[in-house]
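Using my numbering, you'd call the opening residue of the sequence shown number 537 and step up by one each time. Cβ atoms here follow ideal geometry from the backbone N, Cα and C, with glycine treated the same way. As the structure is a computational prediction, the values presented were derived from the model and not from experiment. All remarks here apply to the structure that follows.
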Amino acid sequence: MNRNQYNLYVSNVSNKTNGDRLISYFSQFGKIESYTFFAKNSDRHCAAAIITYGISTDIDYIIKQNQRIEFDNRHLFLRRTLPIVRPAFERFMASNELLLSLTYLSDDEQFNEINIRKYFIKYGPIVSCRVVIPYTTFLIDYVDANSLDCAILDEPHFYNDNELVLRKYISPNRVDSSSLKRLLSNQNNKTTKFSFQERVRRLKHMTEAIQFVQKVEFRLIKCSYEEKKIKVNKKQNDDMIKLNIELRNKSNDLNQDIEQLKQTNNSLRLLIEQNQRIQKHMIDLYKEKVQYEQNKANQLKEAINLLNFH
Numbered sequence: 537m538n539r540n541q542y543n544l545y546v547s548n549v550s551n552k553t554n555g556d557r558l559i560s561y562f563s564q565f566g567k568i569e570s571y572t573f574f575a576k577n578s579d580r581h582c583a584a585a586i587i588t589y590g591i592s593t594d595i596d597y598i599i600k601q602n603q604r605i606e607f608d609n610r611h612l613f614l615r616r617t618l619p620i621v622r623p624a625f626e627r628f629m630a631s632n633e634l635l636l637s638l639t640y641l642s643d644d645e646q647f648n649e650i651n652i653r654k655y656f657i658k659y660g661p662i663v664s665c666r667v668v669i670p671y672t673t674f675l676i677d678y679v680d681a682n683s684l685d686c687a688i689l690d691e692p693h694f695y696n697d698n699e700l701v702l703r704k705y706i707s708p709n710r711v712d713s714s715s716l717k718r719l720l721s722n723q724n725n726k727t728t729k730f731s732f733q734e735r736v737r738r739l740k741h742m743t744e745a746i747q748f749v750q751k752v753e754f755r756l757i758k759c760s761y762e763e764k765k766i767k768v769n770k771k772q773n774d775d776m777i778k779l780n781i782e783l784r785n786k787s788n789d790l791n792q793d794i795e796q797l798k799q800t801n802n803s804l805r806l807l808i809e810q811n812q813r814i815q816k817h818m819i820d821l822y823k824e825k826v827q828y829e830q831n832k833a834n835q836l837k838e839a840i841n842l843l844n845f846h
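As structure tokens, then:
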């Protein structure tokens with residue numbers, strides 16, 4: 537049993553809030569086995585508390601009912617605690633985005649967005665599932681940050697007997713140099729209780745967070761570029777196919793027009809030839825008639841000449 541599943545981290549607590557009164561309020565939701573109250577200090581801008589409930593307590597219900605509830609004029613932030621072995625930025629920063637990956641580059645087409653959604657949606661509604669590395673790494677955006685923490689606490693997760701690596705993804709605008717400075721700001725503060733080893737550990741975790749975010753952002757940009765490139769190429773191919781179809785249709789239309797013109801031309805040629813034959817026949821008939829009349833005139837002339845002679 538993972539006892540972290542029954543831990544509740546309450547932050548943004550007013551500096552005026554009494555720890556016992558805060559615990560008394562949360563005891564109405566279930567049996568509290570233990571708690572730790574953290575007062576404001578140089579590294580913590582406000583008080584906080586970690587509450588451990590009994591195993592029968594519904595932590596999801598408590599978070600849902602009390603998220604950003606007002607207590608001593610401060611809106612409380614509630615979330616689950618993650619194991620100490622997780623990087624510091626995962627344990628102390630909330631996020632809705634979960635990065636999951638195989639430990640090797642895969643070409644298994646079944647390891648895709650659809651099947652990833654089907655499995656991880658049991659932890660809560662999913663806004664989107666983006667590809668970081670095809671068939672290998674994906675970024676899930678949950679509606680609620682608690683869903684992400686539940687998925688991490690429910691480790692290990694497997695795909696075909698291969699354990700998945702789950703990481704909390706913090707956007708670049710939240711993990712930056714200012715965060716690093718805040719973690720190290722206490723090294724010159726004599727009132728701090730953090731050891732040198734603790735500062736080194738936090739520095740290591742924050743450096744890892746920055747490198748991790750940069751790597752994921754690079755992958756997302758690369759994947760987005762490749763998707764856009766594929767879309768552009770597909771559009772160009774579709775446009776080329778469309779243009780070829782249009783040209784083919786126009787060519788077919790022109791060929792049909794040419795064929796019709798040929799038929800019309802043949803019809804006109806036949807008509808002209810027919811007219812020429814008729815015209816020739818009429819000319820021949822006219823010539824014959826003229827010749828006939830000429831012959832009659834000649835005969836008449838000969839007859840007149842004979843009469844005059846006698």
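Leaving aside the five residues before and after residue i along the sequence, list all residues of the same chain whose C-beta is less than 8 Å from its C-beta, in chain order.
i: P661; result: Y678, V679, D680, S683
i: C582; result: S547, N548, V549, S550, N551, K576, R610
i: Q733; result: none
Could you tell me the alpha carbon to alpha carbon distance between residue i and residue j, rounded to whole angstroms?
i: K816; j: L806; result: 15 Å
i: N788; j: S642; result: 48 Å
i: V752; j: T673; result: 10 Å
i: P692; j: T639; result: 13 Å
i: Q750; j: I706; result: 10 Å
i: R666; j: L675; result: 5 Å
i: K786; j: L804; result: 26 Å
i: Y695; j: I605; result: 39 Å
i: S563; j: I766; result: 56 Å
i: R620; j: R627; result: The displayed chain sequence assigns Ile, not Arg, to residue 620. Distance between the alpha carbons of I620 and R627: 8 Å.
i: N831; j: E824; result: 10 Å
i: S570; j: I559; result: 10 Å
i: Q827; j: N801; result: 38 Å
i: C759; j: F565; result: 45 Å
i: E649; j: N632; result: 17 Å
i: L700; j: I746; result: 22 Å
i: Q792; j: M776; result: 24 Å
i: L843; j: A833; result: 15 Å
i: N602; j: Y561; result: 11 Å
i: R622; j: T743; result: 14 Å
i: Q796; j: K770; result: 38 Å
i: K798; j: E829; result: 46 Å
i: N698; j: R557; result: 47 Å
i: D820; j: N811; result: 14 Å
i: E763; j: R653; result: 20 Å
i: I794; j: I781; result: 20 Å
i: D774; j: L783; result: 14 Å
i: K837; j: I808; result: 42 Å
i: M818; j: L790; result: 41 Å
i: F574; j: N651; result: 42 Å
i: M537; j: L618; result: For M537, the pLDDT reaches just 46, beneath the cut-off of 50, and the residue's location in the model is therefore unreliable, although a value from the coordinates is still provided. The straight-line gap from Cα to Cα measures roughly 14 Å.
Of the residues the options, which one's Cα is nearest the Cα of residue i?
i: T593; options: N651, C759, I568, I794; result: I568
i: A630; options: N548, K704, N543, Y761; result: K704
i: L544; options: A585, T553, L558, Q564; result: A585
i: T572; options: I840, L843, D685, T588; result: T588
i: D596; options: Y542, D556, E645; result: Y542
i: S637; options: N651, Y671, L843; result: Y671
i: F612; options: M818, T553, V736; result: In the sequence under discussion, the amino acid at residue 612 is Leu, which differs from the Phe named in the question. That would be T553, whose Cα lies nearest to the Cα of L612.
Once the 5 residues before and after residue i are set aside, which same chain residues still bring their CB inside 6 Å of it?
i: S714; result: Note that S714 scores 47 on pLDDT, short of 50, meaning its location in the model is unreliable and no value can be drawn from it.
i: K778; result: none
Between which residues of its own chain and residue i is the CB-CB distance below 7 Å, once the five residues before and five after are set aside?
i: A687; result: L634, F656, Y659, L702
i: A839; result: none
i: E645; result: Y671
Could you give the C-beta distance for residue i and residue j, rounded to a whole number, given that I count them as a contact under 8 Å?
i: I591; j: L614; result: Wrong, their Cβ atoms sit about 19 Å apart, outside the cutoff.
i: D685; j: R616; result: 4 Å
i: I669; j: R755; result: 6 Å
State yes or no: is the C-beta of residue i nearer than 8 Å to some heavy atom of the ligand HEM?
i: R666; result: In the structure on display, the ligand HEM does not appear, and there are no ligands present to speak of.
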